[in-house]
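Colleague: I have a structure I would like to understand better, so I am pasting it below and will then ask my questions one at a time.
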Amino acid sequence: MQASRADFPEGFLFGVATSAYQIEGHAFGGAGPTHWDSFAATPGNVVRAENGERACDHYHRFEEDLDLISGLGADVYRFSTSWARVLPDGTGQPNHEGLDFYDRLVDGMLARGIRPAATLYHWELPQPLADKGGWRNADMPNWFADFTQTVMSRIGDRVWSAAPINEPWCVGWLSHFDGAHAPGLRDIRATARAMHHVLKSHGAAIEVMRGLGMKNLGAVCNFEWAAPASDDPADMAATARYDAIYNRFFLGGLFKGEYPPEVLEGLEPHLPKGWQDDFALIGTPLDWIGVNYYTRKRIRAGDGPWPAYAEAETVLPLTQMGWEIYPDGLRDFLLRTAREYSGDLPIYVTENGMANPDLPDRPDTERIDYLDAHLSAVREAIAGGAPVSGYFVWSLMDNYEWSLGYEKRFGLVHVDFETLARTPKASYEALARWWRAQAS
(Lines of atoms letter the chains of each structure in order from A and count residues from 1; the text may use other names and numbers.)
(Lines give C-alpha, C1' and ligand atoms only; values in the text may rest on other atoms or scores of the structure.)
Protein backbone atom coordinates (compact mmCIF):
# COMPACT_ATOMS: atom_id res chain seq x y z
CA MET A 1 0.00 0.00 0.00
CA GLN A 2 1.36 3.40 -0.99
CA ALA A 3 -1.04 5.34 1.23
CA SER A 4 -0.87 5.94 4.96
CA ARG A 5 -3.06 7.69 7.50
CA ALA A 6 -0.73 10.66 7.34
CA ASP A 7 -1.82 11.22 3.73
CA PHE A 8 -5.40 11.93 4.85
CA PRO A 9 -6.87 14.78 6.88
CA GLU A 10 -6.84 14.61 10.65
CA GLY A 11 -9.91 12.71 11.86
CA PHE A 12 -10.36 10.82 8.58
CA LEU A 13 -11.91 7.43 9.37
CA PHE A 14 -11.18 4.01 7.90
CA GLY A 15 -13.42 1.00 8.17
CA VAL A 16 -14.94 -2.13 6.70
CA ALA A 17 -18.49 -3.02 5.71
CA THR A 18 -20.74 -6.08 5.58
CA SER A 19 -24.48 -6.77 5.43
CA ALA A 20 -26.72 -8.93 7.60
CA TYR A 21 -28.10 -11.46 5.11
CA GLN A 22 -24.72 -11.93 3.45
CA ILE A 23 -22.89 -13.01 6.61
CA GLU A 24 -25.15 -13.69 9.61
CA GLY A 25 -26.88 -16.92 8.72
CA HIS A 26 -30.61 -16.36 8.45
CA ALA A 27 -31.66 -19.77 9.79
CA PHE A 28 -30.64 -18.76 13.29
CA GLY A 29 -32.11 -16.71 16.10
CA GLY A 30 -35.77 -16.63 15.17
CA ALA A 31 -35.43 -14.69 11.92
CA GLY A 32 -38.43 -14.81 9.62
CA PRO A 33 -38.51 -15.69 5.91
CA THR A 34 -37.43 -13.06 3.40
CA HIS A 35 -38.09 -12.42 -0.25
CA TRP A 36 -34.44 -13.38 -0.86
CA ASP A 37 -35.15 -16.87 0.44
CA SER A 38 -38.03 -17.17 -2.02
CA PHE A 39 -36.02 -15.65 -4.88
CA ALA A 40 -33.10 -18.02 -4.28
CA ALA A 41 -35.40 -21.04 -4.14
CA THR A 42 -36.72 -20.23 -7.63
CA PRO A 43 -34.67 -22.09 -10.29
CA GLY A 44 -32.43 -19.88 -12.38
CA ASN A 45 -32.31 -16.87 -10.05
CA VAL A 46 -29.20 -17.64 -7.99
CA VAL A 47 -26.10 -19.69 -8.75
CA ARG A 48 -26.81 -23.24 -7.52
CA ALA A 49 -29.90 -21.81 -5.75
CA GLU A 50 -27.61 -20.79 -2.86
CA ASN A 51 -29.06 -18.66 -0.09
CA GLY A 52 -28.13 -16.98 3.18
CA GLU A 53 -29.39 -19.75 5.47
CA ARG A 54 -25.91 -20.29 6.95
CA ALA A 55 -23.79 -17.70 5.10
CA CYS A 56 -20.68 -17.07 7.25
CA ASP A 57 -22.46 -17.92 10.54
CA HIS A 58 -21.60 -14.47 11.83
CA TYR A 59 -24.59 -14.84 14.17
CA HIS A 60 -22.57 -17.30 16.26
CA ARG A 61 -19.05 -16.12 15.34
CA PHE A 62 -19.44 -12.34 15.67
CA GLU A 63 -16.91 -12.10 18.50
CA GLU A 64 -14.25 -13.68 16.27
CA ASP A 65 -15.21 -11.35 13.43
CA LEU A 66 -15.09 -8.27 15.64
CA ASP A 67 -11.61 -9.35 16.73
CA LEU A 68 -10.64 -9.40 13.04
CA ILE A 69 -11.94 -5.85 12.62
CA SER A 70 -10.06 -4.75 15.72
CA GLY A 71 -6.90 -6.48 14.50
CA LEU A 72 -7.20 -4.63 11.22
CA GLY A 73 -7.10 -1.31 13.03
CA ALA A 74 -10.41 -0.16 11.54
CA ASP A 75 -12.07 2.85 13.13
CA VAL A 76 -15.58 2.00 11.91
CA TYR A 77 -17.60 -1.13 11.24
CA ARG A 78 -20.50 -0.53 8.86
CA PHE A 79 -23.03 -3.33 9.45
CA SER A 80 -26.71 -3.77 8.67
CA THR A 81 -29.69 -4.98 10.64
CA SER A 82 -32.06 -7.59 9.27
CA TRP A 83 -35.68 -6.44 9.19
CA ALA A 84 -36.88 -10.06 9.20
CA ARG A 85 -34.66 -10.89 12.18
CA VAL A 86 -36.09 -8.01 14.21
CA LEU A 87 -39.70 -8.29 12.97
CA PRO A 88 -40.24 -11.77 11.46
CA ASP A 89 -43.67 -10.77 10.13
CA GLY A 90 -42.44 -7.37 8.98
CA THR A 91 -44.72 -5.65 11.49
CA GLY A 92 -46.12 -6.43 14.92
CA GLN A 93 -44.37 -8.38 17.64
CA PRO A 94 -40.56 -8.09 17.66
CA ASN A 95 -38.24 -11.05 17.92
CA HIS A 96 -36.31 -10.46 21.12
CA GLU A 97 -33.57 -12.91 20.12
CA GLY A 98 -32.88 -10.68 17.13
CA LEU A 99 -32.84 -7.48 19.12
CA ASP A 100 -30.59 -9.12 21.72
CA PHE A 101 -28.17 -10.12 18.95
CA TYR A 102 -27.80 -6.54 17.73
CA ASP A 103 -27.39 -5.41 21.33
CA ARG A 104 -24.48 -7.82 21.76
CA LEU A 105 -23.01 -6.87 18.39
CA VAL A 106 -23.01 -3.13 19.11
CA ASP A 107 -21.67 -3.64 22.63
CA GLY A 108 -18.92 -5.84 21.19
CA MET A 109 -17.85 -3.07 18.83
CA LEU A 110 -17.81 -0.47 21.56
CA ALA A 111 -15.79 -2.74 23.85
CA ARG A 112 -13.13 -2.90 21.13
CA GLY A 113 -13.14 0.84 20.40
CA ILE A 114 -14.89 0.39 17.03
CA ARG A 115 -17.53 2.90 15.94
CA PRO A 116 -20.81 1.14 14.99
CA ALA A 117 -22.20 2.45 11.67
CA ALA A 118 -25.67 0.95 11.22
CA THR A 119 -27.60 0.50 7.99
CA LEU A 120 -31.22 -0.38 8.66
CA TYR A 121 -31.99 -2.24 5.42
CA HIS A 122 -29.71 -4.16 3.06
CA TRP A 123 -32.22 -5.99 0.86
CA GLU A 124 -33.75 -8.80 2.95
CA LEU A 125 -37.42 -7.74 2.96
CA PRO A 126 -39.65 -9.86 5.24
CA GLN A 127 -41.69 -12.23 3.06
CA PRO A 128 -45.05 -11.24 4.64
CA LEU A 129 -44.47 -7.68 3.39
CA ALA A 130 -43.35 -8.94 -0.01
CA ASP A 131 -46.67 -10.81 -0.15
CA LYS A 132 -48.37 -7.43 0.16
CA GLY A 133 -46.43 -5.96 -2.74
CA GLY A 134 -43.28 -4.98 -0.93
CA TRP A 135 -41.73 -1.74 -2.12
CA ARG A 136 -44.60 -1.21 -4.55
CA ASN A 137 -47.01 -0.81 -1.64
CA ALA A 138 -47.79 2.76 -0.53
CA ASP A 139 -47.73 1.57 3.10
CA MET A 140 -43.99 0.79 2.95
CA PRO A 141 -42.90 4.12 4.50
CA ASN A 142 -45.13 3.41 7.52
CA TRP A 143 -43.91 -0.18 7.86
CA PHE A 144 -40.31 0.94 7.53
CA ALA A 145 -40.81 3.69 10.11
CA ASP A 146 -42.16 1.10 12.56
CA PHE A 147 -39.16 -1.15 11.95
CA THR A 148 -36.84 1.82 12.47
CA GLN A 149 -38.56 2.65 15.76
CA THR A 150 -38.27 -0.95 16.95
CA VAL A 151 -34.60 -1.54 16.25
CA MET A 152 -33.27 1.94 16.99
CA SER A 153 -35.15 2.14 20.27
CA ARG A 154 -32.85 -0.70 21.27
CA ILE A 155 -29.46 0.25 19.76
CA GLY A 156 -29.84 3.85 18.56
CA ASP A 157 -28.33 5.30 21.73
CA ARG A 158 -25.01 3.56 21.00
CA VAL A 159 -24.48 3.60 17.24
CA TRP A 160 -22.05 6.17 15.84
CA SER A 161 -24.01 6.68 12.63
CA ALA A 162 -27.09 5.34 10.89
CA ALA A 163 -28.49 5.25 7.36
CA PRO A 164 -31.89 3.86 6.38
CA ILE A 165 -31.43 1.97 3.07
CA ASN A 166 -28.36 0.64 1.31
CA GLU A 167 -28.19 1.39 -2.42
CA PRO A 168 -31.69 2.54 -3.40
CA TRP A 169 -30.95 1.86 -7.08
CA CYS A 170 -30.54 -1.85 -6.32
CA VAL A 171 -33.72 -1.94 -4.23
CA GLY A 172 -35.75 -0.09 -6.87
CA TRP A 173 -34.35 -0.55 -10.39
CA LEU A 174 -32.18 -3.67 -10.30
CA SER A 175 -34.89 -5.61 -8.47
CA HIS A 176 -38.03 -4.36 -10.23
CA PHE A 177 -36.90 -3.37 -13.75
CA ASP A 178 -33.89 -5.58 -14.48
CA GLY A 179 -35.24 -8.45 -12.36
CA ALA A 180 -31.74 -9.43 -11.22
CA HIS A 181 -32.47 -9.22 -7.47
CA ALA A 182 -35.45 -10.10 -5.33
CA PRO A 183 -38.34 -9.85 -6.00
CA GLY A 184 -37.12 -10.43 -9.57
CA LEU A 185 -39.68 -8.30 -11.41
CA ARG A 186 -39.45 -6.72 -14.85
CA ASP A 187 -42.26 -4.20 -14.56
CA ILE A 188 -41.93 -0.48 -15.24
CA ARG A 189 -44.88 0.47 -13.02
CA ALA A 190 -43.51 -1.55 -10.12
CA THR A 191 -40.13 0.10 -10.69
CA ALA A 192 -41.47 3.65 -10.55
CA ARG A 193 -43.37 3.00 -7.35
CA ALA A 194 -40.55 1.08 -5.69
CA MET A 195 -38.01 3.82 -6.44
CA HIS A 196 -40.29 6.52 -5.04
CA HIS A 197 -41.36 4.51 -1.99
CA VAL A 198 -37.73 3.73 -1.18
CA LEU A 199 -37.04 7.45 -0.92
CA LYS A 200 -40.21 8.11 1.11
CA SER A 201 -39.22 5.29 3.45
CA HIS A 202 -35.77 6.78 3.80
CA GLY A 203 -37.29 10.11 4.83
CA ALA A 204 -39.69 8.46 7.26
CA ALA A 205 -36.83 6.57 8.93
CA ILE A 206 -34.74 9.73 9.29
CA GLU A 207 -37.70 11.43 10.98
CA VAL A 208 -38.09 8.53 13.41
CA MET A 209 -34.40 8.53 14.30
CA ARG A 210 -34.40 12.30 14.79
CA GLY A 211 -37.35 11.80 17.13
CA LEU A 212 -35.29 9.32 19.13
CA GLY A 213 -32.59 11.96 19.55
CA MET A 214 -30.15 10.24 17.19
CA LYS A 215 -27.47 12.18 15.35
CA ASN A 216 -25.03 11.54 12.50
CA LEU A 217 -27.71 10.28 10.10
CA GLY A 218 -27.09 9.85 6.39
CA ALA A 219 -27.99 8.17 3.12
CA VAL A 220 -25.99 5.61 1.16
CA CYS A 221 -26.30 5.59 -2.64
CA ASN A 222 -24.42 3.52 -5.20
CA PHE A 223 -22.92 4.97 -8.34
CA GLU A 224 -21.48 3.77 -11.64
CA TRP A 225 -19.57 6.19 -13.82
CA ALA A 226 -21.32 6.31 -17.20
CA ALA A 227 -19.12 6.87 -20.25
CA PRO A 228 -20.46 7.04 -23.83
CA ALA A 229 -19.14 4.34 -26.13
CA SER A 230 -18.62 6.98 -28.83
CA ASP A 231 -19.32 10.63 -29.59
CA ASP A 232 -22.39 9.67 -31.59
CA PRO A 233 -25.32 11.82 -30.32
CA ALA A 234 -27.42 8.69 -29.80
CA ASP A 235 -24.76 7.18 -27.54
CA MET A 236 -24.42 10.46 -25.66
CA ALA A 237 -28.17 10.65 -25.05
CA ALA A 238 -28.31 7.01 -23.94
CA THR A 239 -25.48 7.68 -21.49
CA ALA A 240 -27.35 10.66 -20.05
CA ARG A 241 -30.39 8.43 -19.46
CA TYR A 242 -28.27 5.76 -17.77
CA ASP A 243 -26.60 8.38 -15.59
CA ALA A 244 -29.98 9.89 -14.67
CA ILE A 245 -31.48 6.55 -13.64
CA TYR A 246 -28.45 5.18 -11.83
CA ASN A 247 -26.77 8.25 -10.37
CA ARG A 248 -28.98 11.34 -10.41
CA PHE A 249 -32.47 10.09 -9.54
CA PHE A 250 -31.85 9.42 -5.86
CA LEU A 251 -29.50 12.36 -5.26
CA GLY A 252 -32.00 14.61 -7.01
CA GLY A 253 -34.76 13.45 -4.70
CA LEU A 254 -32.64 13.78 -1.56
CA PHE A 255 -31.05 17.14 -2.25
CA LYS A 256 -33.01 18.98 -4.95
CA GLY A 257 -36.60 17.88 -4.46
CA GLU A 258 -36.88 16.73 -8.06
CA TYR A 259 -36.29 13.81 -10.40
CA PRO A 260 -34.25 14.12 -13.62
CA PRO A 261 -36.32 14.73 -16.77
CA GLU A 262 -34.60 11.79 -18.49
CA VAL A 263 -36.12 9.49 -15.85
CA LEU A 264 -39.54 11.09 -15.85
CA GLU A 265 -39.74 10.42 -19.60
CA GLY A 266 -40.25 6.77 -18.75
CA LEU A 267 -41.44 6.61 -15.14
CA GLU A 268 -43.71 9.61 -14.61
CA PRO A 269 -46.90 7.90 -15.91
CA HIS A 270 -46.34 5.14 -13.37
CA LEU A 271 -45.45 7.14 -10.26
CA PRO A 272 -48.04 7.18 -7.46
CA LYS A 273 -50.58 9.99 -7.40
CA GLY A 274 -49.28 13.05 -5.58
CA TRP A 275 -45.63 12.02 -5.80
CA GLN A 276 -44.58 15.65 -6.22
CA ASP A 277 -45.80 16.39 -2.69
CA ASP A 278 -43.42 13.91 -1.03
CA PHE A 279 -40.13 15.74 -1.47
CA ALA A 280 -40.35 17.54 1.86
CA LEU A 281 -40.22 14.14 3.57
CA ILE A 282 -37.68 12.68 1.14
CA GLY A 283 -35.40 15.68 1.61
CA THR A 284 -35.34 15.59 5.41
CA PRO A 285 -31.92 17.10 6.22
CA LEU A 286 -28.96 14.73 6.53
CA ASP A 287 -25.65 14.88 8.37
CA TRP A 288 -23.63 13.08 5.67
CA ILE A 289 -23.90 11.29 2.35
CA GLY A 290 -22.40 7.88 1.56
CA VAL A 291 -20.94 6.94 -1.83
CA ASN A 292 -20.68 3.28 -2.84
CA TYR A 293 -18.47 2.93 -5.91
CA TYR A 294 -16.97 -0.01 -7.80
CA THR A 295 -16.80 0.57 -11.55
CA ARG A 296 -17.82 2.43 -14.68
CA LYS A 297 -19.98 1.30 -17.59
CA ARG A 298 -19.56 2.21 -21.26
CA ILE A 299 -23.00 2.93 -22.68
CA ARG A 300 -24.36 2.90 -26.22
CA ALA A 301 -27.77 3.51 -27.70
CA GLY A 302 -30.02 0.47 -27.59
CA ASP A 303 -32.97 -0.75 -29.58
CA GLY A 304 -36.52 -0.78 -28.30
CA PRO A 305 -38.51 1.44 -25.97
CA TRP A 306 -37.29 3.69 -23.16
CA PRO A 307 -34.69 3.69 -21.67
CA ALA A 308 -33.10 2.52 -24.94
CA TYR A 309 -29.54 2.01 -23.76
CA ALA A 310 -27.16 -0.95 -23.66
CA GLU A 311 -23.76 -1.68 -22.18
CA ALA A 312 -20.88 -1.51 -24.63
CA GLU A 313 -17.83 -3.76 -24.53
CA THR A 314 -15.30 -3.31 -21.75
CA VAL A 315 -11.84 -1.91 -22.52
CA LEU A 316 -10.11 -1.82 -19.11
CA PRO A 317 -8.86 -4.55 -16.75
CA LEU A 318 -11.73 -6.34 -15.00
CA THR A 319 -12.52 -7.67 -11.54
CA GLN A 320 -14.00 -11.12 -10.96
CA MET A 321 -17.42 -9.50 -11.41
CA GLY A 322 -16.51 -8.46 -14.96
CA TRP A 323 -16.42 -4.81 -13.86
CA GLU A 324 -13.89 -2.35 -15.24
CA ILE A 325 -11.32 -1.03 -12.79
CA TYR A 326 -11.68 2.74 -13.08
CA PRO A 327 -10.49 4.66 -9.99
CA ASP A 328 -10.99 8.05 -11.64
CA GLY A 329 -14.73 7.47 -11.39
CA LEU A 330 -14.54 7.49 -7.60
CA ARG A 331 -12.63 10.77 -7.59
CA ASP A 332 -15.07 12.32 -10.05
CA PHE A 333 -18.18 11.15 -8.15
CA LEU A 334 -16.87 12.57 -4.89
CA LEU A 335 -16.22 15.93 -6.54
CA ARG A 336 -19.50 15.88 -8.48
CA THR A 337 -21.61 14.91 -5.46
CA ALA A 338 -20.24 17.80 -3.43
CA ARG A 339 -20.41 20.29 -6.29
CA GLU A 340 -23.90 19.47 -7.57
CA TYR A 341 -25.77 18.08 -4.56
CA SER A 342 -24.39 17.93 -1.02
CA GLY A 343 -22.14 20.99 -0.75
CA ASP A 344 -20.14 21.04 2.48
CA LEU A 345 -21.87 17.96 3.93
CA PRO A 346 -19.34 15.26 4.89
CA ILE A 347 -19.01 12.47 2.34
CA TYR A 348 -18.04 8.92 3.24
CA VAL A 349 -16.95 6.28 0.76
CA THR A 350 -19.23 3.70 2.37
CA GLU A 351 -18.27 0.86 0.01
CA ASN A 352 -15.36 0.23 -2.33
CA GLY A 353 -13.62 -3.03 -3.14
CA MET A 354 -13.16 -5.77 -5.68
CA ALA A 355 -14.10 -9.40 -6.22
CA ASN A 356 -11.17 -11.68 -6.96
CA PRO A 357 -10.86 -15.49 -7.20
CA ASP A 358 -8.77 -15.65 -4.03
CA LEU A 359 -7.08 -18.66 -2.48
CA PRO A 360 -5.78 -18.70 1.11
CA ASP A 361 -2.24 -19.52 0.03
CA ARG A 362 -1.97 -16.93 -2.79
CA PRO A 363 -1.48 -13.22 -2.02
CA ASP A 364 -4.36 -11.11 -3.34
CA THR A 365 -2.05 -8.49 -4.82
CA GLU A 366 -4.77 -7.48 -7.29
CA ARG A 367 -6.95 -6.30 -4.41
CA ILE A 368 -4.07 -4.42 -2.82
CA ASP A 369 -3.49 -2.60 -6.12
CA TYR A 370 -7.22 -1.88 -6.49
CA LEU A 371 -7.52 -0.42 -2.98
CA ASP A 372 -4.32 1.57 -3.36
CA ALA A 373 -5.51 3.12 -6.63
CA HIS A 374 -8.92 4.03 -5.20
CA LEU A 375 -7.41 5.48 -2.04
CA SER A 376 -5.28 7.64 -4.31
CA ALA A 377 -8.45 8.75 -6.06
CA VAL A 378 -9.94 9.72 -2.68
CA ARG A 379 -6.86 11.83 -1.92
CA GLU A 380 -7.23 13.54 -5.30
CA ALA A 381 -10.87 14.32 -4.53
CA ILE A 382 -9.93 15.79 -1.16
CA ALA A 383 -7.24 17.90 -2.82
CA GLY A 384 -9.91 19.09 -5.25
CA GLY A 385 -12.12 20.30 -2.41
CA ALA A 386 -14.46 17.37 -1.76
CA PRO A 387 -15.21 17.08 2.00
CA VAL A 388 -14.47 13.35 2.21
CA SER A 389 -14.36 12.18 5.82
CA GLY A 390 -13.91 8.40 5.60
CA TYR A 391 -13.34 5.31 3.48
CA PHE A 392 -14.81 1.86 4.18
CA VAL A 393 -13.73 -1.29 2.34
CA TRP A 394 -16.23 -3.82 1.03
CA SER A 395 -15.93 -6.29 2.49
CA LEU A 396 -14.52 -7.57 5.76
CA MET A 397 -14.92 -11.19 4.63
CA ASP A 398 -15.95 -13.30 1.67
CA ASN A 399 -19.71 -13.78 1.82
CA TYR A 400 -22.96 -14.51 0.03
CA GLU A 401 -22.92 -12.40 -3.11
CA TRP A 402 -26.69 -12.39 -3.76
CA SER A 403 -27.64 -13.83 -7.16
CA LEU A 404 -24.02 -14.90 -7.68
CA GLY A 405 -24.04 -17.16 -4.63
CA TYR A 406 -20.71 -17.85 -2.96
CA GLU A 407 -18.46 -17.61 -6.02
CA LYS A 408 -17.41 -13.95 -5.97
CA ARG A 409 -14.98 -13.09 -3.20
CA PHE A 410 -14.80 -9.47 -2.03
CA GLY A 411 -13.30 -10.10 1.40
CA LEU A 412 -10.16 -8.95 3.12
CA VAL A 413 -10.59 -12.23 5.00
CA HIS A 414 -10.92 -15.54 3.14
CA VAL A 415 -13.83 -17.73 4.23
CA ASP A 416 -13.86 -21.47 3.58
CA PHE A 417 -17.57 -21.97 3.02
CA GLU A 418 -17.34 -25.64 4.02
CA THR A 419 -15.56 -25.21 7.36
CA LEU A 420 -16.25 -21.44 7.79
CA ALA A 421 -12.59 -20.96 8.75
CA ARG A 422 -11.47 -17.34 8.46
CA THR A 423 -8.00 -16.60 7.01
CA PRO A 424 -6.79 -12.99 6.67
CA LYS A 425 -5.55 -12.25 3.16
CA ALA A 426 -2.50 -10.24 2.12
CA SER A 427 -4.78 -7.23 1.58
CA TYR A 428 -5.91 -7.47 5.21
CA GLU A 429 -2.30 -7.52 6.37
CA ALA A 430 -1.34 -4.64 4.09
CA LEU A 431 -4.15 -2.44 5.40
CA ALA A 432 -3.47 -3.48 9.00
CA ARG A 433 0.17 -2.44 8.78
CA TRP A 434 -0.65 1.20 8.17
CA TRP A 435 -4.10 1.48 9.76
CA ARG A 436 -2.70 0.17 13.05
CA ALA A 437 0.69 1.85 12.77
CA GLN A 438 -0.80 5.34 12.94
CA ALA A 439 -4.21 4.69 14.56
CA SER A 440 -3.13 6.37 17.76
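Residues in the sequence shown are numbered consecutively from 5, following my numbering.
The C-beta atom is built at its ideal place from N, Cα and C for all residues, glycine as well.
Note that the structure is predicted; figures quoted are calculated from it, not measured.
State the CB to CB distance for the pair THR323 and VAL295, rounded to an integer number of angstroms; the pair is presumed to be in contact (CB under 8 Å).
Modeller: Walking along the sequence shown from the start, residue 323 turns up at place 319. Walking along the sequence shown from the start, residue 295 turns up at place 291. Not quite, the Cβ-Cβ distance comes to about 18 Å (not below 8 Å), so this is no contact.
Colleague: Please determine, among MET240, LEU255, ASN403, the residue with the shortest C-alpha to C-alpha distance to VAL224.
Modeller: Position 220 of the sequence shown, counting from 1, holds the residue named residue 224. It is LEU255.
Colleague: Put TYR298 into one of helix, strand or coil per three-state DSSP.
Modeller: Stepping through the sequence shown from its first residue, residue 298 is reached at position 294. Three-state result, TYR298: strand.
Colleague: Among HIS206, GLU269, VAL417, whose alpha-carbon lies nearest the alpha-carbon of LEU363?
Modeller: Residue 363 sits at position 359 when you count from the first residue of the sequence shown. Looking at the Cα atoms, VAL417 is the closest of the given residues.
Colleague: Can you tell which of ALA233, GLU14, HIS64, ILE286 has the C-alpha that lies nearest to the C-alpha of GLU262?
Modeller: Residue numbering aside, residue 262 sits at position 258 when the sequence shown is read from its first letter. Residue ILE286 is the option with its Cα nearest to GLU262.
Colleague: Tell me the residue span of the beta strand (DSSP E) that contains LEU124.
Modeller: Position 120 of the sequence shown, counted from the first residue, corresponds to residue 124. Segment 119-125, the beta strand (DSSP E) holding LEU124.
Colleague: Threshold first: 3 residues or longer. Then list the beta strand (DSSP E) segments lying entirely within the region 339-427, N to C.
Modeller: Segments of the beta strand (DSSP E) lying fully in the region 339-427: 351-355, 392-398, 417-419.
Colleague: How long is the line joining the alpha carbons of THR288 and ARG89, rounded to whole angstroms?
Modeller: By 1-based counting over the sequence shown, the position of residue 288 is 284. By 1-based counting over the sequence shown, the position of residue 89 is 85. Those two C-alpha atoms are separated by around 27 Å.
Colleague: Does GLY257 pass the burial test, meaning 16 or more other C-beta atoms within 10 Å, or should it be called exposed?
Modeller: Looking up residue 257 in the sequence shown gives position 253. It counts as buried.
Colleague: Counting only runs of 4+ residues fully inside the region 88-160, write out the alpha helix (DSSP H) ranges in chain order.
Modeller: The qualifying runs are 100-115, 131-134, 144-159.
Colleague: Taking a contact to mean a Cβ-Cβ separation below 8 Å, would you say LEU290 touches LEU221 in this structure?
Modeller: Here residue 290 refers to the residue found at position 286 of the sequence shown. Here residue 221 refers to the residue found at position 217 of the sequence shown. Yes; because the gap between Cβ atoms is below 8 Å, this pair is in contact.
Colleague: Can you tell me the Cα-Cα spacing of THR22 and ALA208, whole angstroms?
Modeller: To locate residue 22, count along the sequence shown from 1; it is residue 18. To locate residue 208, count along the sequence shown from 1; it is residue 204. Rounded to whole angstroms, THR22 to ALA208 spans 24 Å at the Cα level.
Colleague: Rounding to the nearest angstrom, what Cα-Cα distance links THR243 and ALA312 in this structure?
Modeller: The residue labelled residue 243 in the question sits at position 239 within the sequence shown. The residue labelled residue 312 in the question sits at position 308 within the sequence shown. Cα to Cα, the separation comes out at about 10 Å.
Colleague: Ends of the alpha helix (DSSP H) at GLY176?
Modeller: Numbered from 1 along the sequence shown, position 172 holds the residue referred to as residue 176. From DSSP, GLY176 is part of no alpha helix (DSSP H); its letter is neither H nor E.
Colleague: Distance check for GLY36 and ALA59, CA to CA, integer angstroms please.
Modeller: As a position in the sequence shown, residue 59 is number 55, starting the count at 1. As a position in the sequence shown, residue 36 is number 32, starting the count at 1. Rounded to whole angstroms, ALA59 to GLY36 spans 16 Å at the Cα level.
Colleague: Do you know how far the Cα of ASN146 is from the Cα of GLU433?
Modeller: Your numbering for residue 433 matches position 429 in the sequence shown. Your numbering for residue 146 matches position 142 in the sequence shown. So the alpha carbons of these two residues sit roughly 44 Å apart.
Colleague: Measuring CB to CB, does THR123 end up less than 8 Å from ARG82?
Modeller: The residue given as residue 123 occupies position 119 in the sequence shown. The residue given as residue 82 occupies position 78 in the sequence shown. Contact flag set, yes.
Colleague: The beta strand (DSSP E) with ALA231 in it runs from where to where?
Modeller: As a first step, residue 231 is located in the sequence shown; it is residue number 227 there, counting from the start. It spans 222-232 - the beta strand (DSSP E) in which ALA231 sits, taken as one unbroken run.
Colleague: I'd like the list of long-range same chain contacts for TYR246, defined as Cβ closer than 6 Å, with 5 residues on each side in sequence excluded.
Modeller: Taking the sequence shown and counting its residues from 1, one reaches residue 246 at position 242. Result list for TYR246: ALA230, ILE303, TYR313, in chain order.
Colleague: Name the residue from HIS378, PRO350, TYR352, ASP348 whose alpha carbon lies nearest to the alpha carbon of MET4.
Modeller: Missing from the structure shown is residue 4; the chain here goes from 5 to 444 and no further.
Colleague: Could you have a look at TYR81 and say whether DSSP puts it in helix, strand or coil?
Modeller: Here the question's residue 81 lines up with position 77 in the sequence shown. DSSP places TYR81 in strand when its eight states are reduced to three.
Colleague: Need the endpoints of the alpha helix (DSSP H) that SER23 sits in, please.
Modeller: Within the sequence shown, the letter at position 19 stands for residue 23. From DSSP, SER23 is part of no alpha helix (DSSP H); its letter is neither H nor E.
Colleague: What does ASN170 pair with, by DSSP beta-bridge criteria?
Modeller: As a working note, residue 170 is residue 166 in the sequence shown. Note: ASN170 sits in a beta bridge opposite VAL224.
Colleague: Helix, strand or coil for TRP439 per DSSP?
Modeller: Here the question's residue 439 lines up with position 435 in the sequence shown. TRP439 falls in the helix class under three-state DSSP.
Colleague: Below 8 Å between beta carbons: does that hold for MET113 and LEU70?
Modeller: Within the sequence shown, numbered from 1, the residue matching residue 113 stands at position 109. Within the sequence shown, numbered from 1, the residue matching residue 70 stands at position 66. Cβ atoms of MET113 and LEU70: closer than 8 Å.
Colleague: Is it true that the CB of TRP439 sits closer than 8 Å to the CB of ALA78?
Modeller: Locating residue 78 in the sequence shown gives position 74, where the first residue counts as 1. Locating residue 439 in the sequence shown gives position 435, where the first residue counts as 1. Against a cut-off of 8 Å, the Cβ pair of TRP439 and ALA78 comes out as a contact.
Colleague: Work out the CA separation of ALA430 and HIS201 for me, nearest whole Å.
Modeller: As a working mapping, residue 201 is identified with position 197 in the sequence shown. As a working mapping, residue 430 is identified with position 426 in the sequence shown. Their Cα atoms are separated by approximately 42 Å.
Colleague: Could you please give the first and the last residue of the uninterrupted beta strand (DSSP E) stretch that includes GLU315?
Modeller: As a first step, residue 315 must be located in the sequence shown, where it is residue number 311. Start and end: 313-315.
Colleague: Measure the beta-carbon distance from ASN403 to ILE27 and round it to whole angstroms, keeping in mind my assumption that it falls under 8 Å.
Modeller: In the sequence shown, the residue the question calls residue 403 occupies position 399. In the sequence shown, the residue the question calls residue 27 occupies position 23. With 8 Å as the limit, ASN403 and ILE27 qualify as a contact, their Cβ atoms being about 5 Å apart.
Colleague: Confirm, please, whether the CB-CB distance from PRO168 to TYR125 is below 8 Å.
Modeller: Numbered from 1 along the sequence shown, position 121 holds the residue referred to as residue 125. Numbered from 1 along the sequence shown, position 164 holds the residue referred to as residue 168. Yes.
Colleague: Does DSSP classify PHE18 as helix, strand or coil?
Modeller: The count along the sequence shown starts at 1 and reaches residue 18 at position 14. Of the three classes helix, strand and coil, the one that applies to PHE18 here is strand, per DSSP.
Colleague: What are the start and end residues of the alpha helix (DSSP H) that includes SER8?
Modeller: Here residue 8 refers to the residue found at position 4 when the sequence shown is read from its first residue. Unbroken run through SER8: none, as it is neither H nor E.
Colleague: Which value, in whole angstroms, describes the spacing of the CA atoms of GLY270 and ASN251?
Modeller: Within the sequence shown, numbered from 1, the residue matching residue 270 stands at position 266. Within the sequence shown, numbered from 1, the residue matching residue 251 stands at position 247. One C-alpha to the other measures close to 16 Å.
Colleague: Look up GLU328 in the DSSP assignment and say whether it is helix, strand or coil.
Modeller: Along the sequence shown, read from residue 1 onward, the residue named residue 328 stands at position 324. Here GLU328 sits in strand by DSSP.
Colleague: Enumerate in chain order the residues of its own chain whose CB-to-CB distance from LEU320 is below 7 Å, with the five nearest sequence positions on each side excluded.
Modeller: Sequence index remark: in the sequence shown, residue 320 carries index 316 (1-based). Closer than 7 Å at Cβ, skipping near neighbours: GLU328, ILE329, TYR330.
Colleague: Please state the DSSP three-state secondary structure of ALA242.
Modeller: Mapped onto the sequence shown, residue 242 falls at position 238. Of the three classes helix, strand and coil, the one that applies to ALA242 here is helix, per DSSP.
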